[in-house]
Amino acid sequence: MLSDTQKNFYKKLLGKRGERAAVGFLKKSGYKVIKRNFTTPFGEADIVAEKDGTTVFIEVKTRTNDSFGEPKDAVGFKKRAKYVRIAEYYMNEYGAENVAFAVAEVSGKNITLIENAF
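So this is what it looks like as structure tokens:
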């Protein structure tokens, strides 16, 4: 059985792998990745990217199996509200006008981007 420290390490490692995979997928899909792990006083956005003049804030959800449900289902009200505050902060700091929110689901080798997720 894994200790809590080992579980947390594994979770972070899995998340970083998922983010790397999502970045590659986004680039192949025509997105320009602007920032990774964008940190604000309100929290962190996994990826900030741009496509067609829209700044997109992307939450990456990585799973090794579906025992906890679909990755996108882990983006609830609190996480969405946090992303809205992060986007407002970004808009004030960098002057972005058009924003959108997406969820990148990484499950094994499959990556699905849910655009305009909320």
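Numbering (the numbering used here), first residue to last: 5 to 122. Cβ coordinates follow ideal geometry from the N, Cα and C atoms, glycine included.
Item	Value
Would you kindly work out how many angstroms separate the C-alpha atoms of T66 and G28, rounded to a whole number?	14 Å
Any contact of the region 28-40 with the region 10-19, i.e. 3+ C-beta pairs under 8 Å?	no
Under the assumption that A49 contacts A108 (Cβ atoms under 8 Å), give the Cβ distance between them as a whole number of angstroms.	Incorrect: roughly 12 Å between the Cβ atoms, too far for contact.
Short check: CB of V64 to CB of A53, under 8 Å?	no
Just the C-alpha distance for R84 and T43, rounded to the nearest angstrom, thanks.	15 Å
Would you call G22 buried or exposed, if buried means 16 or more other Cβ atoms sit within 10 Å of its Cβ?	buried
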